[in-house]
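If you're matching positions, the sequence shown starts at 486 in the numbering used here and goes up one per residue.
Structure first, commentary second.
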Amino acid sequence: NIQCVLVVGGFAESPLLIKHLCGKIDQTRCRVIRPKNPGLSILKGALMYGQNPKKITTRISKYTYGTDVCTPFDSSKHPERLKIIIGGKEMCNKIFSKMISVGEQVMLGQVIQKTYFPSSPEQTATS
């Protein structure tokens with residue numbers, strides 16, 4: 486459902502890249518646009534942001550961020566190799582707890598907060 490690809494930055498000055506990109510995209514449904522000085526577009530954007538940081542109100546996450554956690558073991562969801570015993574309870578180790586997904590929109594100044602608890606009363610650190 487992409488209608489336009491805007492190509493900027495140093496690589497956008499490469500005729501080979503543009504030719505390859507145009508060959509891969511159905512240009513009847515999607516246009517490839519390259520500004521006159523694509524390498525300067527990044528610099529101009531950085532300068533505009535430096536002069537007025539409030540111009541950019543949201544960012545799109547390039548990666549998925551999170552951490553690994555222990556949760557109660559559930560044989561219908563978790564592989565047996567991740568089962569550990571903590572305080573006599575079956576727990577599942579190394580389960581990914583997602584905070585932000587790739588492609589997710591994050592507002593400027595937005596705080597993403599999750600609360601985690603120790604796996605056992607003896608736990609004094611995380612890694």
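All C-beta atoms, glycine included, are put in the ideal place defined by N, C-alpha and C.
Keep in mind the model is a prediction, meaning the values are calculated, not measured.
Name the residue from the options whose alpha carbon lies nearest to the alpha carbon of residue i.
i    : options                   : result
T552 : K599, G572, Y534 and A497 : K599
E589 : C515, E607 and Y550       : Y550
E607 : Y601, K583, L593 and G572 : G572
P520 : L532, N486, G495 and H505 : G495
N522 : N486, I487, E498 and I503 : E498
Assuming residue i and residue j form a contact by the criterion Cβ under 8 Å, report the distance between their Cβ atoms to the nearest whole angstrom.
i    : j    : result
V490 : S526 : The pair is not a contact, with the Cβ atoms about 14 Å apart (cut-off 8 Å).
C577 : K568 : 6 Å
I597 : I585 : 6 Å
M533 : K539 : In fact, because the Cβ distance is near 11 Å, the residues do not count as touching under 8 Å.
Would you mind stating whether residue i and residue j have Cβ atoms separated by less than 8 Å?
i    : j    : result
V587 : K547 : yes
E575 : F602 : no
T513 : L593 : no
What does a CB cutoff of less than 6 Å around residue i pick up in its chain, not counting 5 residues either side in sequence?
i    : result
R516 : C489
S605 : I571 and G572
Using a Cβ-Cβ cutoff of less than 8 Å, which residues in the same chain neighbour residue i once the five nearest sequence positions on both sides are dropped?
i    : result
K583 : T549, Y550 and G551
I613 : Residue 613 falls outside the range modelled here, since the chain spans only 486 to 612, and no answer is possible.
C507 : V517
Return the chain-ordered list of same chain residues with a C-beta closer than 7 Å to the C-beta of residue i, the five sequence neighbours on each side being excluded.
i    : result
R544 : V591
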